[in-house]
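K.L.:
Take a look at the structure:
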């Protein structure tokens, strides 16, 4: 069994794989815990799902939170007894990365594109609706052409409430109408429909600029289901895309590690 870690700014997503099958997903908050503290949490969560640490034969880590890199690398090596693969420059991904400086490209973005191209084919546009929103473009021949980074839906909502004294924090649910009758529904309309309009506009602009008019659009991330209800440009929602991409990358590099 392979364990994969997608370490983000807000959450840490964990997946357990038997071959290509994702058999379990777990989630932790990103925080300043030690490796020992994370180990206790993960060990207990695995036990609740009837999995034992000795079942883990390999590990791969993707991180956009550098403060946690050593914590997890040390924790995996010490307690699982395997040396983790950390996604970065020099690994096989199955894609040709055309970023000016590939080292700048987030590991989670690479993993998402790897899975999207492998599972759904190219050309494709991968939208990750997380703490930030990323748009990533993969050609039909497997070239990761680049993309765009924008604000996340939750971050935008929190910034609005924090910046305007009389505006409250609101639940991120789709309002019935774009024209709200209360402060809450006004905010929900502006935040959610406004964000969704940005997503639609970016997808159309990317398709026009690249000429990839038939590109399949795959959305992932915690807000992707909400956005999908408000737009007509998304073809597939796959919340496990990054985890699956990490498992694919591990497989591509397994022989090299041996």
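Residue numbers (the numbering used here): -16 to 241.
Note that the Cβ used here is the ideal one computed from N, Cα and C, for glycine as well.
Are residue 317 and residue 98 close, meaning C-beta to C-beta below 8 angstroms?
P.N.:
As shown, the chain starts at -16 and ends at 241. That puts residue 317 outside it, with no answer to give.
K.L.:
Which same chain residues, not among the five before or five after residue -10, have their C-beta less than 6 angstroms away from its C-beta?
P.N.:
Taking the chain shown and counting its residues from 1, one reaches residue -10 at position 7. Cβ within range, chain order: 46, 48 and 51.
K.L.:
Would you call the segment 76 to 85 and the segment 116 to 134 touching, i.e. three or more CB-CB distances under 8 angstroms?
P.N.:
They touch, by the three-pair rule.
K.L.:
Going straight from the alpha carbon of residue -2 to that of residue 168, what length do you get?
P.N.:
Reading the chain shown from its first residue, position 15 is the one you call residue -2. Reading the chain shown from its first residue, position 185 is the one you call residue 168. Cα to Cα, residue -2 sits roughly 36 angstroms from residue 168.
K.L.:
Kindly give me the distance between the Cβ atoms of residue 233 and residue 65, rounded to whole angstroms, as I take these residues to be in contact under 8 angstroms.
P.N.:
Numbered from 1 along the chain shown, position 250 holds the residue referred to as residue 233. Numbered from 1 along the chain shown, position 82 holds the residue referred to as residue 65. About 11 angstroms; that fails the 8 angstroms criterion.
K.L.:
Is the beta carbon of residue 53 closer than 8 angstroms to that of residue 22?
P.N.:
For the purposes of this step, residue 22 is taken as the residue at position 39 of the chain shown. For the purposes of this step, residue 53 is taken as the residue at position 70 of the chain shown. No, Cβ-Cβ distance for residue 22 and residue 53 is not below 8 angstroms.
K.L.:
So, are the CB atoms of residue 216 and residue 192 less than 8 angstroms apart?
P.N.:
Numbered from 1 along the chain shown, position 233 holds the residue referred to as residue 216. Numbered from 1 along the chain shown, position 209 holds the residue referred to as residue 192. Not in contact: residue 216 and residue 192 (Cβ atoms no closer than 8 angstroms).
K.L.:
Identify which residue in 117, 13, -6 and 29 has its Cα closest to the Cα of residue -14.
P.N.:
In the chain shown, counting from the first residue as 1, residue -14 sits at position 3. Among 117, 13, -6 and 29, the Cα nearest to that of residue -14 is on 29.
K.L.:
Is the beta carbon of residue 5 less than 8 angstroms from the beta carbon of residue 226?
P.N.:
Position 22 of the chain shown, counting from 1, holds the residue named residue 5. Position 243 of the chain shown, counting from 1, holds the residue named residue 226. Yes, the pair counts as a contact, with Cβ atoms nearer than the cut-off.
K.L.:
Taking only three categories from DSSP, how would you classify residue 45?
P.N.:
If you number the chain shown from 1, residue 45 lands on position 62. Three-state DSSP puts residue 45 in a strand.
K.L.:
Select from 38, 57 and 92 the residue whose C-alpha is nearest the C-alpha of residue 20.
P.N.:
Counted from its first residue, the chain shown places residue 20 at position 37. Cα-wise, what sits closest to residue 20 is 57.
K.L.:
To the nearest angstrom, how far is the alpha carbon of residue 237 from that of residue 159?
P.N.:
Here residue 237 refers to the residue found at position 254 when the chain shown is read from its first residue. Here residue 159 refers to the residue found at position 176 when the chain shown is read from its first residue. Their Cα atoms are separated by approximately 49 angstroms.
K.L.:
Using the Cα positions of residue 157 and residue 40, report the straight-line distance between them to the nearest angstrom.
P.N.:
Here residue 157 corresponds to residue number 174 of the chain shown, with the count starting at 1. Here residue 40 corresponds to residue number 57 of the chain shown, with the count starting at 1. About 43 angstroms.
K.L.:
DSSP state of residue 133, grouped into three classes?
P.N.:
As a position in the chain shown, residue 133 is number 150, starting the count at 1. Reduced to three states, the DSSP call for residue 133 is strand.
K.L.:
For residue 110 and residue 135, what's the separation of their Cα atoms in angstroms?
P.N.:
In the chain shown, residue 110 corresponds to position 127, counting from 1. In the chain shown, residue 135 corresponds to position 152, counting from 1. The alpha-carbon atoms of residue 110 and residue 135 are separated by roughly 11 angstroms.
K.L.:
What residue range does the beta strand (DSSP E) around residue 121 cover?
P.N.:
Indexing the chain shown from 1 puts residue 121 at position 138. Run containing residue 121: 115 to 121, per the beta strand (DSSP E) assignment.
K.L.:
Out of 16, 87, 2 and 148, which has the shortest C-alpha to C-alpha gap to residue 132?
P.N.:
Taking the first residue of the chain shown as 1, we reach residue 132 at position 149. Ranking 16, 87, 2 and 148 by Cα distance to residue 132 puts 87 first.
K.L.:
At 3 residues or longer, and completely inside the segment 35 to 96: list those beta strand (DSSP E) runs for me, N to C.
P.N.:
As far as the segment 35 to 96 is concerned, its whole beta strand (DSSP E) runs of at least 3 residues are 41 to 46.
K.L.:
Within the same chain, show all residues whose beta-carbon is closer than 8 angstroms to that of residue 114, passing over the 5 residues directly before and after it, in chain order.
P.N.:
Counting from 1 along the chain shown, the entry for residue 114 is found at position 131. Cβ neighbours of residue 114 beyond the five flanking positions: -9, -8, -7, 135, 137 and 138.
K.L.:
With a cut-off of 8 angstroms on the beta carbons, I'd call residue 153 and residue 181 a contact; round off their distance for me.
P.N.:
The residue given as residue 153 occupies position 170 in the chain shown. The residue given as residue 181 occupies position 198 in the chain shown. Their Cβ separation, rounded to whole angstroms, is 18 angstroms, which puts residue 153 and residue 181 out of contact at 8 angstroms.
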